[in-house]
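In my numbering, the protein residues as written are 1185 to 1519.
Every residue gets a Cβ at the ideal spot worked out from N, C-alpha and C, and that includes glycine.
Everything numeric in this text was worked out from a predicted model, so none of it was measured.
Notes follow once the structure below has been shown.
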């Protein structure tokens, strides 16, 4: 059901027009119901059915059916009167730039008043326009009705399915062009990615630093112990180093000292690398890597293999976008 906002209705300066809108809405609904019933009654089988089961209704309505045009013209005269009154108000209030704009803008009101055949059913457009106008002025809230929510749900589902297929088709075409070495790849590389090398370097540098800080520094002790254990096991399996223990007197001492020294050196090197990555000093290193992937257009190698890594990167990014597009959000609303 439509919910009426009484506060907006009372405070509006156009209260009289809202009252007229509600009256016209009621008359239109009655008139459309009358047209539909008369169209059904027009079938001989329906008349015979009413004559057999409810002869009183047939006797009462049959004279109205024979003079249907007369009764319909009564409604039409009311609709045209309201149309002329609104037109005059639009001219007086200078709603439009020209006085004759109103009938062209509200053409559906005129066509619906033609009392001929299927033109009568176009009065439903007038019902829609009145409801839309009341909704715009926040007198009623159409979005809270079950009918609107029902049709809006399937409209959104249809539009999502349609747009998803279009987007996936476009992205697939872009991937094919990139793989074939079309100018699209060069435009992406030279016009989009290359001018943003510094931004990409800063972003990658920051993410690497955060990953090093969050992953390494809290587990520094455990990582050092793990490295020392692995290095110690590797040295013990080394044939040349194991022969040192056969040296008289100092052999075992030299072997143990070398194992500890190598383990400490490896742990310190790894520690220093991760410390550097966790700090701002990693920017130059990351920038060099980005420059390798995005060389200057002036220094770019003509060999296709040089761009293979970047092509694969762009294609995989588009694959990720296509995977996200395939997600049916409207289905989640059903659960």
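Inset, instruction - Please state whether DSSP places residue 1324 in a helix, a strand or coil. - result: Residue 1324 sits at position 140 when you count from the first residue of the chain shown. It is a strand residue.
Inset, instruction - Identify the continuous alpha helix (DSSP H) that holds residue 1270 and give its terminal residues. - result: The sequence position of residue 1270 within the chain shown is 86, counting from 1. Where residue 1270 is concerned, the enclosing alpha helix (DSSP H) stretches over 1252 to 1277.
Inset, instruction - Determine, using beta-carbon pairs with one atom in the region 1198 to 1212 and one in the region 1255 to 1275, whether at least three such pairs fall under 8 Å. - result: yes
Legend entry - CB of residue 1321 within 8 Å of CB of residue 1309, strictly: Walking along the chain shown from the start, residue 1321 turns up at place 137. Walking along the chain shown from the start, residue 1309 turns up at place 125. Cβ distance not < 8 Å, so residue 1321 and residue 1309 don't count as in contact.
Legend entry - Counted within 10 angstroms of its Cβ, other Cβ atoms place residue 1289 as buried (16 or more) or exposed: As a working mapping, residue 1289 is identified with position 105 in the chain shown. Exposed, since its Cβ has fewer than 16 Cβ neighbours within 10 Å.
Legend entry - CA-to-CA distance, residue 1228 to residue 1244, given in whole angstroms: Numbered from 1 along the chain shown, position 60 holds the residue referred to as residue 1244. Numbered from 1 along the chain shown, position 44 holds the residue referred to as residue 1228. Looking at the two C-alpha atoms, the distance is approximately 16 Å.
Legend entry - residue 1238 - DSSP class collapsed to helix/strand/coil: Mapped onto the chain shown, residue 1238 falls at position 54. Residue 1238: coil per DSSP, three-state reduction.
Inset, instruction - Consult DSSP for residue 1227 and reduce its assignment to one of helix, strand or coil. - result: Along the chain shown, read from residue 1 onward, the residue named residue 1227 stands at position 43. Coil, per DSSP.
Legend entry - Whole-angstrom distance between residue 1445 and residue 1452, CA atom to CA atom: Walking along the chain shown from the start, residue 1452 turns up at place 268. Walking along the chain shown from the start, residue 1445 turns up at place 261. Rounded to the nearest angstrom, the two C-alpha atoms are 10 Å apart.
Legend entry - Which of helix, strand or coil DSSP assigns to residue 1499: Here residue 1499 is taken as the residue at index 315 of the chain shown, counted from 1. Residue 1499: helix per DSSP, three-state reduction.
Legend entry - Identity of the residue in 1498, 1237 and 1201 nearest residue 1371 by Cα: Taking the first residue of the chain shown as 1, we reach residue 1371 at position 187. Comparing Cα positions, the closest option is 1498.
Legend entry - Environment of residue 1511 [buried if 16+ CB atoms lie within 10 Å]: Counting from one through the chain shown, the residue named residue 1511 turns up at place 327. Answer is exposed; the Cβ neighbour count stays below 16.
Inset, instruction - Starting from residue 1339, follow the alpha helix (DSSP H) in both directions and report where the run begins and ends. - result: What you label residue 1339 is simply residue 155 of the chain shown in a count that begins at 1. Residues 1330 to 1363.
Inset, instruction - For residue 1298, name the three-state secondary structure that DSSP assigns. - result: To locate residue 1298, count along the chain shown from 1; it is residue 114. If DSSP states are grouped into helix, strand and coil, residue 1298 belongs with coil.
Legend entry - Distance, residue 1270 Cα to residue 1231 Cα: Along the chain shown, read from residue 1 onward, the residue named residue 1231 stands at position 47. Along the chain shown, read from residue 1 onward, the residue named residue 1270 stands at position 86. Distance between the alpha carbons of residue 1231 and residue 1270: 40 Å.
Legend entry - Nearest-angstrom Cα separation, counted from residue 1354 out to residue 1344: Along the chain shown, one-based indexing puts residue 1344 at 160. Along the chain shown, one-based indexing puts residue 1354 at 170. It is roughly 15 Å from the alpha-carbon of residue 1344 to the alpha-carbon of residue 1354.
Inset, instruction - Quick one: residues in its chain with C-beta nearer than 6 Å to the C-beta of residue 1283, no 5 flanking neighbours on either side, listed in chain order? - result: For this step, residue 1283 is matched to residue 99 along the chain shown. Same-chain partners within the cutoff: 1275.
Inset, instruction - Tell me whether residue 1316 is buried or exposed, calling it buried when 16 or more other Cβ atoms sit within 10 Å of its Cβ. - result: For this step, residue 1316 is matched to residue 132 along the chain shown. Exposed, by the Cβ-count rule.
Inset, instruction - Note down, in chain order, each residue of its chain lying with its Cβ closer than 8 Å to the Cβ of residue 1281, except the 5 sequence neighbours on either side. - result: The residue labelled residue 1281 in the question sits at position 97 within the chain shown. Within the same chain, residue 1281 has no close Cβ partners at all.
Legend entry - residue 1199 to residue 1318 span [Cα, whole Å]: Taking the chain shown and counting its residues from 1, the one referred to as residue 1199 is at position 15. Taking the chain shown and counting its residues from 1, the one referred to as residue 1318 is at position 134. About 11 Å.
Inset, instruction - Taking only the alpha-carbon atoms, compute the straight-line gap between residue 1335 and residue 1268 and give it to the nearest angstrom. - result: Here residue 1335 refers to the residue found at position 151 of the chain shown. Here residue 1268 refers to the residue found at position 84 of the chain shown. Approximately 34 Å between the Cα atoms of the pair.
Legend entry - Check whether residue 1215 and residue 1259 have beta carbons under 8 Å apart: Translated into the one-based positions of the chain shown, residue 1215 becomes position 31. Translated into the one-based positions of the chain shown, residue 1259 becomes position 75. The answer is yes: Cβ separation under 8 Å.
Legend entry - Where the alpha helix (DSSP H) containing residue 1285 begins and where it ends: Locating residue 1285 in the chain shown gives position 101, where the first residue counts as 1. 1285 to 1289 is the span of the alpha helix (DSSP H), which, as asked, contains residue 1285.
Legend entry - Own chain partners of residue 1294 with C-beta closer than 8 Å, once the 5 adjacent residues on each side are dropped: Locating residue 1294 in the chain shown gives position 110, where the first residue counts as 1. Closer than 8 Å at Cβ, skipping near neighbours: 1267 and 1287.
Inset, instruction - For residue 1323, count neighbouring Cβ atoms within 10 angstroms of its own Cβ and tell me buried if that reaches 16, exposed if not. - result: Numbered from 1 along the chain shown, position 139 holds the residue referred to as residue 1323. By the neighbour-count rule (16 or more Cβ atoms within 10 Å), residue 1323 is buried.
Inset, instruction - Please state whether DSSP places residue 1510 in a helix, a strand or coil. - result: Locating residue 1510 in the chain shown gives position 326, counting from the first residue. Coil at residue 1510, not helix or strand.
Inset, instruction - Look at the alpha carbon of residue 1377 and the alpha carbon of residue 1410, and state the distance between them as a whole number of angstroms. - result: Against the chain shown, residue 1377 aligns to sequence position 193. Against the chain shown, residue 1410 aligns to sequence position 226. Near 40 Å, if we compare the C-alpha coordinates of residue 1410 and residue 1377.
Legend entry - Whether residue 1212 touches residue 1311 by CB criterion (8 Å): Translated into the one-based positions of the chain shown, residue 1212 becomes position 28. Translated into the one-based positions of the chain shown, residue 1311 becomes position 127. Taking 8 Å as the Cβ cut-off, residue 1212 and residue 1311 qualify as a contacting pair.
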